[in-house]
Structures are given as structure tokens and as C-alpha cells.
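Student: Each residue of the sequence shown is one higher than the one before, starting from 11 at the first, in the numbering used here. Note that beta-carbon positions come from the ideal geometry of N, C-alpha and C, so glycine has one too. For reference, the structure I am asking about is given below.
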Amino acid sequence: VPFALQSPVERQEFDSLFDASGRIRDLDMLRRRAYFGGLSPGVRREGWKWLMGCSPPASTASDRRALFEEKRAEYLQLQGQWASIGPAQEARFAKFRDRKHRIEKDVVRTDRQQPIFAEEGGEGLAALRRVLLTYAFYNFDLSYCQGMSDLAAPLLVVMEDEVEAFWGFQRMMDRVEGNFHKDQIGMHTQLQRLDELCRVCEPDLHEYLAKADCSNFFFCFRWLLILYKREFWLGDVLRVWEALLSGVRGPEMHLFIAVGILGRHKHAIMGQKMGFDDILKFVNGLASSMDWREVLGDGDAACVRYRQMSI
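Now the structure itself:
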């Protein structure tokens, strides 16, 4: 079905998707509606838990309440692993000091324009700090990498609960953990795949980029690393993420979005004979000026076009 914006899912429609015991009747319908229409702020917290897989598909409302209490206890246990580290132990724990320092450096400059994170000593920044430190112990091998705060902050805004935000972040990181590996193989694999999608969907642009020695697509690195988080205002980021989380167009929708953005601006790129540095500056300059409706529409069209041409 071609992309056509629908009205967002409101409370009455959302509640109609569940039976009397709280079991969801049609998860695929919720996914399709989240993709084409989005979720209104009033149902986003609950809806995202379904889209991210935090809520088991066959669960009743009472099942989910019990599961949440288990997850709350597990979170507090994980948090206690670093919260109990005193000054004497910290002085002898270089890895902990390093991770704590890197998290602190990023937290204080993440989404400070949002009311929840505006206050220097406020609870919002403290919760973000706790979520990231706890994840650094939960996934100790990966640790903390720059950019993770960009992925965690919107979840605190949506979930309005630190525990739910943490487990949502854990699900998000399960999807994108490869982006943060030190060898960067995950990112390079995605950029290579983006090259292939661009070759099929935008052959003239692909040919130009190849001749300009720009076919590594490194100018799209930030887009893919943190899923366009810095390219839109927060409310629009949530709508773009909703489309990605829905899974309606599969796990490569974020790559098709990149193809769509580049396709929309290819005449400027080629007409001005841009080289790598010019394209990087141009792409970074698109931040906060793109219309999420156009971005999703162009990405969807690229996805459909690729599938049709691959048959």
C-alpha cells in the first residue's frame, strides 16, 4: 500500500484493539496504524511498549502488571551494581570512572531545550544518567558510547517512567547495538547496503557519487547511527521512530529514508557539483528543516520502488 498519511491513533481506537482481559486482538493493525497514522501522545507510552516488544503479544493486562513489577525489581538490582560503589572503590575502578565520565559529559548536553532536561540539577537529567549507567553495567562488554544518550532521552519523554524507559532503551539497543561496536563493522555494513539501495533506486545519483568518490556514504553516518535523532525536533523524531518501530516496511526502513532524502535533494547535489565536504555540509544543514511527512513519504516510496525492481 503506498504511503498515505492517516489520522493518528487516539485513545478510543487504541482501547478497541484489546479484549476485556487486556489481550491485544490485532498487533499487526496497531503496527500499520502506527506507521501510516502514528500514535497520539495519549497512547504513545502504551503503544510503544507493543511496538518495541516490551509487552508480550499474548499477555493480559494483569500479566503485564506482574511483568512490570518483575522488571522494576530487575532494574533496581542492576542499578544497585553501580550505585553501591563508594569513593574508595571508585578510586580503584578505572573502567567505572571512565564510563561515568563519558556519560556525564553527554548527559549535560542532551536535549536541554526539553523541559524534562532543562534544569541542571533536575530529576530528568538524573534519570537519564541513571538509565545510561545502568545500561553500561547491563551490557558491560559494549559499555557506553557517544550517541546513546540521544537514543535514551526520547524514551524518558515518552515513557514518563525511568524503569519503562530503561527497558525500552534496552530493546532499542538490541536493534542498533552494532552501530556502537568499536570496529564499526555494523555501521560500515549499513553504509554498504545504503550504497546498494541507492544504486537501484537512484541510479543517476549513485553514478554521480561514485565518480565524485563519495560512494562510501559517510555523510549519512549520523543519520543511521542515532536514527535521525538530531535531524528533527523531538516531536517529529517520535513520529519518525514510530514508523521505524512499527516494522511495516521491514528492518531497513531507516536506510530507505536516507535514500529518499538524498533523492529529494539530488539535483542540488549534482547541479552544484558537490564533493564529499560539500555534501557533508549540505546534509548537516538539513537538520531541523526537513518535513517528517515528506521524509517518511519519500522513504516509503524508495522502499516500494526497490521491492518492485527486485522482483
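Rounded to whole angstroms, what is the Cα-Cα separation between L161 and Q318?
Tutor: Each residue's Cα considered, the two are about 33 Å apart.
Student: How would you label E100, buried or exposed, when you count the other beta carbons within 10 angstroms and need 16 or more for buried?
Tutor: With fewer than 16 Cβ atoms within 10 Å of its Cβ, E100 is classed as exposed.
Student: Alpha carbon to alpha carbon, how far is D205 from P97?
Tutor: Their Cα atoms are separated by approximately 49 Å.
Student: May I ask you to list the residues that DSSP assigns as paired with L49?
Tutor: Paired residues: V19.
Student: Check whether the segment 45-59 and the segment 11-21 touch, using three or more Cβ-Cβ pairs below 8 Å as the test.
Tutor: Yes, the segment 45-59 is in contact with the segment 11-21.
Student: If you check the beta carbons only, do R259 and D184 fall under 8 Å apart?
Tutor: In this structure, D184 does not lie closer than 8 Å to R259 by Cβ.
Student: Which full runs of the beta strand (DSSP E) of 3+ residues lie inside the segment 58-126, going along the chain?
Tutor: Runs of the beta strand (DSSP E) inside the segment 58-126: none found.
Student: Pull up the DSSP beta-bridge partners for I195, would you.
Tutor: Note: I195 sits in no beta bridge, so no partner.
Student: Could you give the residue range of the alpha helix (DSSP H) that holds H275?
Tutor: Unbroken run through H275: none, as it is neither H nor E.
Student: Rounded to the nearest angstrom, how far is the Cβ of L166 from that of A137, given a contact under 8 Å?
Tutor: With a Cβ gap of about 6 Å, L166 and A137 count as contacting.
Student: Smallest Cα separation from V293: which of Y238, E79, W251, M263?
Tutor: Nearest of Y238, E79, W251, M263 to V293, Cα basis: Y238.
Student: Following the continuous alpha helix (DSSP H) through N294, name the residue where it begins and the one where it ends.
Tutor: 286-294 is the span of the alpha helix (DSSP H), which, as asked, contains N294.
Student: Between which two residues does the alpha helix (DSSP H) containing C230 stretch?
Tutor: Run containing C230: none; DSSP gives neither H nor E here.
Student: Leaving out five residues before and five after D29 in sequence, what residues of the same chain have Cβ atoms less than 8 Å from its Cβ?
Tutor: Closer than 8 Å at Cβ, skipping near neighbours: R35.
Student: Count the C-beta pairs between the segment 78-91 and the segment 137-153 that are closer than 8 Å, then say yes if the count reaches three, no if not.
Tutor: Output reads yes: the segment 137-153 touches the segment 78-91.
Student: I'd like to check one pair, V168 with W6: are the Cβ atoms closer than 8 Å?
Tutor: Outside the shown range of the chain, which is 11 to 321, sits residue 6, and nothing can be said about it.
Student: What residue range does the alpha helix (DSSP H) around C155 cover?
Tutor: C155 -> no alpha helix (DSSP H), and no H or E assigned at all.
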